[in-house]
Amino acid sequence: MAQSFDVPLQSRIVDDKSPICIPFILSRIETYQKQHPNTTRPFIIGLNGVQGVGKTTLVRALAETLQGREGLPTLVVSIDDFYLTHADQLALAAAHPDNQLVQYRGEPGTHDIPLLTSFLASLTSPFPPEGIHVPQYDKSLFSGLGDRSPPSTWIHITSPPKIVILEGWLVGFRPLSPVALEAKYSSPTSKTLHRHLPAHLMFINACLEKYQQIWDRFDAFVHIDAEDLGWVYEWRIQQEQGLRREKGVEGGMTDEQVRKFVDCYFPAYELYIDGIRNGVFGEKKKACQLRLIVGRDRGVKESLVI
549 MAQSFDVPLQ SRIVDDKSPI CIPFILSRIE TYQKQHPNTT RPFIIGLNGV
599 QGVGKTTLVR ALAETLQGRE GLPTLVVSID DFYLTHADQL ALAAAHPDNQ
649 LVQYRGEPGT HDIPLLTSFL ASLTSPFPPE GIHVPQYDKS LFSGLGDRSP
699 PSTWIHITSP PKIVILEGWL VGFRPLSPVA LEAKYSSPTS KTLHRHLPAH
749 LMFINACLEK YQQIWDRFDA FVHIDAEDLG WVYEWRIQQE QGLRREKGVE
799 GGMTDEQVRK FVDCYFPAYE LYIDGIRNGV FGEKKKACQL RLIVGRDRGV
849 KESLVI
């Protein structure tokens, strides 16, 4: 049931993360099954990592191992596939013309949360006999601005998964209190927050509230962290260059567009990454989060369970 992730051999990145993640996930599944022996609900994993860090490579390996070796039908879902349509994104940008954080897809508020909520509900309810279609988003459309793909191209699954992995760069972000947000904004270590008005940051913070109902469904969480968040710029450029090679010269964003794009969502890293590092579950669930810290080469330097 895992999505197909076929890529050319020369494009593959050595995976040093799944050998750490798999034992953690299996341990959490075993505990979950003991606590819920009669449940038919899939085990839901949230996976967070900065853009370009290697999430796709990791979830490919996780899905192949969990399904192929462990016999656990696994569905990988990217929150990117639940971005607003191009038209709705343009409308959001027009409604907030002075807020640079929502002029492009990426930040909280630029996803179709009702669509994601209904999709997850369809997986955690009695599975429909006609199956379920998984929304898809094409980032290469509109010169890299992107748009939701036609429903006729969505992936069709015909049997319920045992495991669902929801991955994305902002998955697990928790909103801040006004006092905490002001402290972040006033910090001398801030790199990008001062480029925006506090009211604009508060807008995406308020939008993030709507995502919490999704995160609260997670049974386990994996966080791929970076020793230096600044590396996300070069990683994202490399990722987009690969997209252009795959889609053709007209597909994807230019390097300068990528830098502006990363500038739009980097403030969210500054606001919310500490919350991820400290644990998305708080005191509710102990030892349910795995944190992998990677170097510039994306190789794992340290791992710990929170």
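Per the numbering used here, numbering of the sequence shown is gapless, rising by one per residue and ending at 854.
Note that the Cβ used here is the ideal one computed from N, Cα and C, for glycine as well.
This one's a predicted model, so the numbers in the text were calculated from it and none came from an experiment.
Given a length threshold of 3 residues, each whole run of the beta strand (DSSP E) inside the segment 636-688 is given here in chain order: 680-682.
Restricting attention to 607, 636, 629, the CA atom closest to the CA of residue 622 is found in 607. Spatial neighbours of residue 661 in its own chain (CB-CB distance under 7 Å, excluding positions within 5 residues in sequence) are listed in chain order as 758, 759. Beta bridge pairing from DSSP links residue 712 with 592, 623. Under the 8 Å Cβ criterion, the segment 747-766 does not count as touching the segment 571-579, having fewer than three qualifying pairs.
In chain order, 637, 653, 658, 659, 660, 685, 694, 696 place their CB closer than 8 Å to the CB of residue 631, counting only its own chain and leaving out the 5 sequence neighbours on each side. Among the bridge pairs identified by DSSP, residue 774 is matched with 842.
Taking 8 Å as the cut-off, the beta carbon of residue 593 is found closer than this to the beta carbon of residue 711. In terms of Cβ geometry, residue 815 and residue 741 form a close pair [threshold 8 Å]. Per DSSP, the beta bridge partners of residue 704 are 681.
No Cβ-Cβ contact shorter than 8 Å links residue 667 with residue 645. If the five residues before and after residue 832 are omitted, its C-beta is found closer than 7 Å to no C-beta atom of its own chain. Contact holds between the segment 760-776 and the segment 593-604, because three or more Cβ pairs, one in each stretch, are under 8 Å apart. With the rule of 3 Cβ pairs closer than 8 Å, the segment 715-725 does not count as touching the segment 664-679.
Shown here, residue 617 sits in coil according to DSSP, grouped into three states, outside any helix or strand. Scanning its chain for C-beta atoms nearer than 7 Å, with the 5 sequence neighbours on each side dropped, one finds around residue 591 the residues 577, 580, 710, 711, 767, in chain order.
With the rule of 3 Cβ pairs closer than 8 Å, the segment 816-832 counts as touching the segment 727-743. When DSSP states are grouped into helix, strand and coil, residue 835 belongs to the coil group. Under the DSSP assignment, residue 851 falls in the beta strand (DSSP E) whose first and last residues are 848-853.
Counting along the chain, the unbroken alpha helix (DSSP H) around residue 817 starts and ends at 803-826. Beta-bridge analysis with DSSP links residue 721 to no other residue. Separation of the CB atoms of residue 753 and residue 777 is rounded to 19 Å, and the pair is thereby denied contact status at 8 Å. Residue 742: not part of any alpha helix (DSSP H); DSSP gives it neither H nor E. Linking residue 813 to residue 845 through their CA atoms gives a straight-line distance of about 22 Å.
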